[in-house]
Amino acid sequence: MSIEIESLVYRFPNGVTALDGVSLRIDAGERVAIAGQNGAGKTTLVRHLNGIVKPTSGTVTVDGWNTAEHSIAQLAAKVGYLFQNPDQQLFARTVRQDVEFGPRNLGYSETRRAELVSSALAATGLTDHADAHPYELSLSDRKLVALAAVLAMDTPIVVFDEPTTGQDHNAVRNIANIIDNLHEQGKTVVAITHDMDFCAENFDRTIFLAQGRIITDAPPTEAFTNEPQVTAAALETPQILRLTQALTHPPTTKIKTFLTNL
Ligand SMILES: Nc1ncnc2c1ncn2[C@@H]1O[C@H](COP(=O)(O)OP(=O)(O)O)[C@@H](O)[C@H]1O
Ligand SMILES: [Mg+2]
Numbered sequence: 017m018s019i020e021i022e023s024l025v026y027r028f029p030n031g032v033t034a035l036d037g038v039s040l041r042i043d044a045g046e047r048v049a050i051a052g053q054n055g056a057g058k059t060t061l062v063r064h065l066n067g068i069v070k071p072t073s074g075t076v077t078v079d080g081w082n083t084a085e086h087s088i089a090q091l092a093a094k095v096g097y098l099f100q101n102p103d104q105q106l107f108a109r110t111v112r113q114d115v116e117f118g119p120r121n122l123g124y125s126e127t128r129r130a131e132l133v134s135s136a137l138a139a140t141g142l143t144d145h146a147d148a149h150p151y152e153l154s155l156s157d158r159k160l161v162a163l164a165a166v167l168a169m170d171t172p173i174v175v176f177d178e179p180t181t182g183q184d185h186n187a188v189r190n191i192a193n194i195i196d197n198l199h200e201q202g203k204t205v206v207a208i209t210h211d212m213d214f215c216a217e218n219f220d221r222t223i224f225l226a227q228g229r230i231i232t233d234a235p236p237t238e239a240f241t242n243e244p245q246v247t248a249a250a251l252e253t254p255q256i257l258r259l260t261q262a263l264t265h266p267p268t269t270k271i272k273t274f275l276t277n278l
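Structure (C-alpha cells):
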C-alpha cells in the first residue's frame, strides 16, 4: 500500500504552477507531516493522492494504481481525505448522515457501517451531536465532523489537510490520539500542518514544501534543526526542539540568551 510520486508537475488552468517536479515515496504505515508556507503547494500535492487532482505531467501511484487511470470513487477505497475546508466536504442534513456517507458508498455491510460510524463519532467527541445539522456547529466542530467522515471510511491511507488549524488544545490532543490509533492499525497517515509542535510529536517524517518543490524530507528532529531550511519554509522551530537543542549543545551566548528568555 505504498504511494509513489514521480516528477509530479501540476499547473492550474490559469497558468499557476503549483507543483514543480515533486518525487516522493511513502511506505505503508508511515506518518508523514507536510509543512510549508501558504501557497507552497501542500493542498494541491495531497489532492493528487485521492485523484481529485490529476498530474499535468509525472505520475502518482497509490498501491500500484496510477491515479490518472482511476476514478475518485475507486481511489476512495484506498485514500480518505480530510478537506482543508470542511464546508467543501460536508453536505448532509445531519452529522450522522455525513459520517455514514463514505462507508455506505464503499458498500460496507450495515453492521460494519454502524460500528465504524459510532467509533468515528466517539473518537472525534461528536456522539452527542450525531443528530445535529452540521451547520449548527462551529467551524472547528464541522472540521471534526469531516474528520469523522474520513475515519468511518476505514481506508488504509488517511490524508488530513490542516486537521489542527482552529482547534483548541483538547481537540488537538484528541487528533493526536486518533493519529496514534491509526498508526497502531498499520495505516499510513499524511497530514498537512502549520503546528510544528504537533508535527514533532506525532510524525516520523517531515516534508517541507516551498514553491511547489520539496526542500526537506527528514525526521522532524533533523528537519527542524536545519535552520536555513526551516527559514526557507518560513516555519518556526517547535519549542520542544529549541529547548532540546539548547540543552544538548554547548551553551553559546545565543543559547544562554535564549534560556534566560524562556
Ligand atoms: N483553483 C486554483 N486556481 C489557480 N491557482 C490556484 C488554485 N488553487 C491554488 N492555487 C495556487 O496554487 C499554489 C498552491 O496552492 P495550494 O496547493 O493551495 O498551497 P498550500 O496548500 O500550500 O497553501 C498557490 O500559488 C495558489 O495560489
Ligand atoms: Mg492548503
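Residue numbers (the working numbering): 17 to 278. We put the CB at the ideal spot given by N, CA and C, even for glycine.
Cβ-heavy atom distance, residue i to ligand 2, below 7 Å
i      : result
Asp211 : no
Ile230 : no
Lys58  : yes
Ile173 : no
Asp103 : no
Ile19  : no
Gln183 : no
Ile208 : yes
Gln100 : yes
Asp10  : Any question about residue 10 goes unanswered here, given that the chain covers just 17 to 278.
Asp157 : no
Asp147 : no
Asp170 : no
Asp177 : yes
Unbroken alpha helix (DSSP H) run spanning residue i, endpoints
i      : result
Leu155 : 155-167
Glu22  : From DSSP, Glu22 is part of no alpha helix (DSSP H) but of the beta strand (DSSP E) over 19-27.
Val133 : 126-139
Leu122 : It is not in any alpha helix (DSSP H) - Leu122 carries neither H nor E in the DSSP assignment.
Thr241 : 236-241
Leu280 : The chain is shown from 17 up to 278; residue 280 falls before or after that span and cannot be answered.
Ala146 : No alpha helix (DSSP H) holds Ala146; DSSP gives it neither H nor E.
Asn218 : 212-218
Bounding residues of the beta strand (DSSP E) (the contiguous stretch that carries residue i)
i      : result
Leu35  : 33-42
Leu225 : 221-226
Ala207 : 204-208
Leu98  : 95-98
Proximity test, residue i beta-carbon vs ligand 1 heavy atom, cut-off 7 Å
i      : result
Val48  : no
Gly74  : no
Asn54  : yes
Asn30  : yes
Ala248 : no
Ala34  : yes
Coarse secondary structure for residue i, derived from DSSP in three states
i      : result
Ile68  : coil
Thr181 : coil
Arg47  : strand
Thr171 : coil
Asn54  : coil
Asp114 : helix
Asp79  : coil
Arg189 : helix
Arg63  : helix
Short CB-CB distance (under 8 Å) between residue i and chain B
i     : result
Arg27 : Of the chains in the structure shown, none is chain B; there is only one protein chain.
Ligand 4 heavy atom lying under 7 Å from the CB of residue i
i      : result
Gln201 : Summarising the ligand content, the structure contains ligand 1 and ligand 2 and does not contain ligand 4.
Using 8 Å as the cut-off, can you tell me whether the region 154-170 makes contact with the region 68-88, which would need three or more C-beta pairs spanning the two stretches below that distance?
no
Touching or not, the region 40-52 and the region 91-107, by the rule of three or more beta carbon pairs under 8 Å?
no
Taking contact to mean 3 or more Cβ pairs, one atom from each stretch, closer than 8 Å, check whether the region 24-32 and the region 60-75 are in contact.
yes
Would you check if there are 3 or more beta carbon pairs closer than 8 Å linking the region 112-132 to the region 190-209?
Taking a contact to require three or more Cβ pairs closer than 8 Å, the region 112-132 and the region 190-209 do not qualify as touching.
Report yes or no: do three or more beta-carbon pairs, one from the region 141-148 and one from the region 192-200, lie closer than 8 Å?
no
Mind the definition here: the region 211-222 touches the region 48-55 only if three or more C-beta pairs lie below 8 Å; say whether that holds.
yes
For the region 182-190 against the region 30-37, do three or more pairs of beta-carbon atoms, one drawn from each stretch, fall closer than 8 Å, so that the two count as touching?
no
Evaluate the contact criterion for the region 82-89 versus the region 109-119: three or more CB pairs, one atom per stretch, below 8 Å.
no
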